[in-house]
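Structure first, commentary second.
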Amino acid sequence: MIVSADAGMRSGKVVAYKPLLDEAIKLAAHKPSKVLLVDRGLSPMEKTAGRDVDYALREKHLNTVVPCVWVDSTHPSYTLYTSGTTGKPKGVQRDTGGYAVALAASMKHIFCGNAGETYFSTSDIGWVVGHSYIIYGPLIAGMATIMYEGLPTRPDAGIWWSLVEKYKVTVMFSAPTAVRVLKKQDPAFLTKYDLSSLRALFLAGEPLDEPTAKWIADSLGKPIIDNYWQTETGWPILTIANGVEKKPSKFGSPGVAMYGYDVRLIDETTGEQVKEPNQKGVVAIAGPLPPGCMQTVWRDDARFVKTYWQSIPGQQLYSTFDWGIKDEDGYFFILGRTDDVINVAGHRLGTREIEESISSHPAVAEVAVVGVADQLKGPWRWPSRC
Ligand code: PRX
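Right under this line is the structure:
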């Protein structure tokens, strides 16, 4: 069964889903027997007889008690597709019990959310952050959760903060990109609402550059807690877990290894751990991975082993495919994807390093660095990650 709607809205613009869905089903080899449609009144839609079911029918079943279905802890809860740069997307398969344990632990020890409070993740549920921290994590922790559809700037750049005030949000989770979007707006919106309920803002998904982190920390007057993880892991690998041990954050660093993760920095040519602080290496995790991390690539165990566990020479370690360094105090800094390297005349430059130096200029709110082929300095090649 597919659950969908007539349309969605983005920045006031209606995006009709139904025609897209009909076309996708036409192309699909495996067709759903039923499509359950929520009519939001945004766009007229034509139903396919026998297949499409109107969500309004739920009224009839509202009080139906549906018994729990008990499953093994290893029963897959979902698959979420993540890109392979050159190949077909990989279905990250996650279990049920381990995932629930990991989320419960992280709600307590990282996000420090309490039952009865309200959690607000500005993500969407199509992304792993939405799965873990809009839906399952907060609900497992007994918290109310806010699902917000739309941009942070509409109707104006105060919309998120008005929600924090209205629902007395205590824990908020967003992404650096969204903060950079707000940075281009009038800063008065950040002080317009009562944010006294909010304890911290968590950010993840990409490197949190120092200028962005400083700007939002100063503007909100709240702790900003970076956390680093992947679709594959389902919950943070690196962060500051204030519910375990209070530690100061360092600008530019997502923090230290979360319990359960044995994080190593590996020299990509020798496969050995880097020896010196601040020496660049591939961020790898020694097995076994903690609960919540992917079980396998859906229907492709061989690809799971080959892609994730055999890319480091001489050792069976899980590779995150990110570059990182660790300073003298054990704080990690993520320098970008190992396949996101610009090669200029033989020098391998990380995109983050270039982006960060440009974004430190006060007139710059957003930066994206891309490589282009150059006859003299080096041709562009496909990245090697499979
Ligand atoms: O490169 C890292 C970057 O995003 C990748 C994972 O993206 P995705 O599978 O969409 O999962 C995001 C879950 C938060 C990582 O391999 N990344 C994620 N968080 C951070 C980050 N890079 C730097 N700092 C972070 N906090």
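In the working numbering, each residue's number is its place in the sequence shown (first place is 1) plus 26.
Cβ atoms here follow ideal geometry from the backbone N, Cα and C, with glycine treated the same way.
Measure the CB-CB distance between residue i and residue j and report whether it falls below 7 Å.
i	j	result
Ile-351	Phe-359	yes
Gly-260	Arg-363	no
Thr-257	Val-154	yes
Ala-183	Gln-211	yes
Ser-223	Lys-248	no
Gly-376	Leu-361	yes
Met-27	Lys-44	no
Leu-129	Ile-166	yes
Gly-156	Met-133	no
Ile-338	Ile-292	yes
Asn-279	Tyr-357	Looking at the sequence itself, residue 279 is Ser, so the reference to Asn does not match. Cβ atoms of Ser-279 and Tyr-357: closer than 7 Å.
Ser-9	Pro-102	Here the chain covers residues 27 to 412 and nothing more, so residue 9 does not appear.
From residue i to residue j, what does the alpha carbon distance come to, in whole angstroms?
i	j	result
Gly-76	His-56	17 Å
Asp-400	Arg-378	21 Å
Asp-32	Glu-232	32 Å
Asp-98	Thr-122	8 Å
Ala-230	Glu-191	23 Å
Leu-53	Ser-59	15 Å
Ile-51	Trp-335	35 Å
Glu-271	Ala-42	48 Å
Glu-381	His-387	11 Å
Arg-411	Phe-330	Confidence in Arg-411 is poor, its pLDDT being 42 and thus under 50, which makes the residue's placement unreliable; the coordinate value appears in the next sentence. When rounded, the distance between both Cα atoms is 13 Å.
Leu-343	Gln-299	11 Å
Val-8	Ile-263	Any question about residue 8 goes unanswered here, given that the chain covers just 27 to 412.
Ala-328	Thr-90	43 Å
Relative to the C-alpha of residue i, which candidate in the options has its C-alpha closest?
i	options	result
Leu-234	Glu-392, Asp-65 and Lys-52	Glu-392
Lys-403	Glu-382, Val-370, Glu-271 and Pro-317	Val-370
Ile-242	Pro-93, Pro-213, Ser-188 and Gly-281	Pro-213
Asp-366	Leu-129, Val-396, Ser-385 and Ser-386	Val-396
Leu-418	Lys-73, Val-95, Leu-62 and His-101	Nothing in the structure corresponds to residue 418, since the chain is present only between 27 and 412.
Val-282	Thr-295, Asn-268, Asp-293 and Glu-294	Asn-268
Gly-152	Tyr-104, Glu-382 and Tyr-287	Tyr-104
Val-390	Leu-88, Glu-236, Met-35 and Val-92	Glu-236
Asp-348	Pro-317, Pro-314 and Lys-306	Lys-306
Asp-48	Asp-78, Met-35 and Lys-39	Asp-78
Residues in the same chain with beta-carbon distance under 6 Å from residue i, minus the five sequence neighbours each way, listed in chain order, please.
i	result
Ser-37	Leu-177 and Arg-180
Tyr-159	Ser-147 and Phe-199
Val-29	Leu-62
Thr-100	Asp-121
Note down, in chain order, each residue of its chain lying with its Cβ closer than 7 Å to the Cβ of residue i, except the 5 sequence neighbours on either side.
i	result
Pro-303	Lys-352, Asp-353 and Glu-354
Val-40	Ala-33, Leu-68 and Ser-69
Quiz item: Touch check for the stretch 270-278 and the stretch 309-318: three-plus C-beta pairs under 8 Å?
Solution: no
Quiz item: Within the chosen definition, does the stretch 317-330 reach the stretch 217-228 through at least 3 CB pairs nearer than 8 Å?
Solution: no
Quiz item: Taking three-plus beta-carbon pairs below 8 Å as touching, is the stretch 168-180 in contact with the stretch 131-147?
Solution: yes
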